Amino acid sequence: MALDTQEVEDKTPLRILVVELAHIGDFVVSTSVIGALKEAFPDSLIVAVVIKESKDLAELCPYIDIVEVYDYKGEHKGLRGWLDIVGRLRRYNFDLGVATNFSFREGILLYLAGCKERVASPTQGRGIFLTQKSQYIPREVMFGFNSDFAFDSMSLIRAKVLEPLGIKKVPYPRLVVPEALKDSVYERFLSKSVSPIFSIGLSGDGTLKRWGIKKWKLLIDKIYHHYGGSFLLIGSPKESLYGEALEKITVSSINTAGRTSIKEFIALLSFADLHIGVDAGPLHVASALGKRCVALFGPTNPFRWAPFAPPRMVRAVYKFFPCSPCYYRSRPCFEVKPYGVRPCMSSISVEDVFKEIKEQVMAIRTEDRSKNEWAKKASSSLLPERTTQPNS
8 MALDTQEVED KTPLRILVVE LAHIGDFVVS TSVIGALKEA FPDSLIVAVV IKESKDLAEL
68 CPYIDIVEVY DYKGEHKGLR GWLDIVGRLR RYNFDLGVAT NFSFREGILL YLAGCKERVA
128 SPTQGRGIFL TQKSQYIPRE VMFGFNSDFA FDSMSLIRAK VLEPLGIKKV PYPRLVVPEA
188 LKDSVYERFL SKSVSPIFSI GLSGDGTLKR WGIKKWKLLI DKIYHHYGGS FLLIGSPKES
248 LYGEALEKIT VSSINTAGRT SIKEFIALLS FADLHIGVDA GPLHVASALG KRCVALFGPT
308 NPFRWAPFAP PRMVRAVYKF FPCSPCYYRS RPCFEVKPYG VRPCMSSISV EDVFKEIKEQ
368 VMAIRTEDRS KNEWAKKASS SLLPERTTQP NS
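Residue numbers (the working numbering): 8 to 399.
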């Protein structure tokens, strides 16, 4: 919900600034922190400062009242831009400021925005700007297994920032899509789709997490043979050609990669009955929409970066390699095969993924049909096993 600062009434009990200067997947991870603040202070006004790329996403987060954009690589680049965003924020007269991430920029922004209380982890030397310091969490906690938080979800790690405030209850990430937006994307992309709908998250970070077009084809064919349905190919403009190629060689596929705005892609995911994809933004968005997911992990830590969700809602597929997780920092395999599929991803077989899909399908079948979308769309024919081969 985007409002002008002049519309903010003085009688607001508590004004909270949350700074989260991260991209889509990371922002969704941090919505748990914002949700915890909203639950602890239900009458508060929460203003989130986000980067330009996350603006549309933030506007679909029900915990946020106002979204402010800090485009430090564009409009707010340089001293003039810095003064502009600081001036806008100071007009709110914030009572509390929280930085959910680990950058120095977020810490100093809390201070310059004039927040009376400033809470964050004192990492990156930003402790001098804080009035209350949470547990020290090094920025490197995002990488590798070798830390005290190796098996903690990143949502829970970031929520540790709230401990000085006595907040321990952390909700799951959540996004809400307006019905009008859902109707629009349905007419544009899904009017001829067949239930159930599987969303396919193709890749993230270019080729680094790519699974391989041949395996995606084999998996889609296998799913279609067993359950039928339609397949939403989800991705950024970087994956548009990849999606086009896959659409041509698979049955019942709809390529949307690079063809939607951020809000439209989120609205599309709201129609998915099951999301299958690599560790990237669409995975976290699908989970925040309450979707069951099957996630493929290669160069990243599944314990750290799997979506924070109810038990068994997300099933991870991961093959351990001595160099994994590498987070693209130590990558000898890149030198040998710079444009191919990385060994940590190519080692994941179609059967590995389909095994988890079957488990998720079984779970959906046993859920209360009044609460899941498939029951509404497919009635008594919910995910029947197919006995015929797919048309090629």
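Even for Gly, the Cβ is constructed at its ideal location relative to N, Cα and C. Note that the coordinates shown come from a computational prediction; the quantities given were computed from them, not determined experimentally.
- Secondary structure at SER210: coil, using DSSP grouped into helix, strand and coil.
- Straight-line measurement puts the Cα of SER268 at about 29 Å from the Cα of ASN308.
- Counting the other CB atoms within 10 Å of its CB gives LYS45 a total of 16 or more, which places it among the buried residues.
- Relative to TYR70, the option among ALA295, GLY305 and PRO350 whose CA is nearest is ALA295.
- SER39 sits buried, since 16 or more C-beta atoms from the chains shown fall within 10 Å of its C-beta.
- The C-beta distance from ASP102 to ILE53 rounds to 11 Å, too long to meet the 8 Å contact threshold.
- Within the DSSP bridge table, the entry for ASN262 names LEU240 as partners.
- CYS351 sits in a helix when the DSSP states are folded into three classes.
- Here GLY288 has ILE31 and GLY32 as same chain residues with Cβ atoms under 6 Å from its own Cβ, once five neighbours each way along the sequence are excluded.
- A Cβ-Cβ distance of about 12 Å is found for the pair LYS59 and GLY88, leaving them out of contact under the 8 Å criterion.
- Closest option to PRO203, judged by alpha-carbon separation, among GLY104, ARG195, GLY236 and LEU226: GLY236.
- Burial state of PRO180 is buried, judged by a 10 Å Cβ sphere holding 16 or more other Cβ atoms.
- If you look at GLU363, you'll find it in the alpha helix (DSSP H) that goes 357-373.
- Remark: three or more beta-carbon pairs, one from each stretch, lie closer than 8 Å, so the segment 166-178 and the segment 128-141 are flagged as touching.
- Under the 10 Å beta carbon count, ILE135 is surrounded by fewer than 16 other beta carbons and is classified as exposed.
- Given a length threshold of 4 residues, each whole run of the alpha helix (DSSP H) inside the segment 254-335 is given here in chain order: 269-276, 288-295 and 309-312.
- Restricted to the segment 62-126, the alpha helix (DSSP H) segments that are unbroken, complete and at least 4 residues in length are 62-65, 85-97 and 111-119, listed in chain order.
- In this structure, SER260 places its C-beta atom within 8 Å of the C-beta atom of GLU254.
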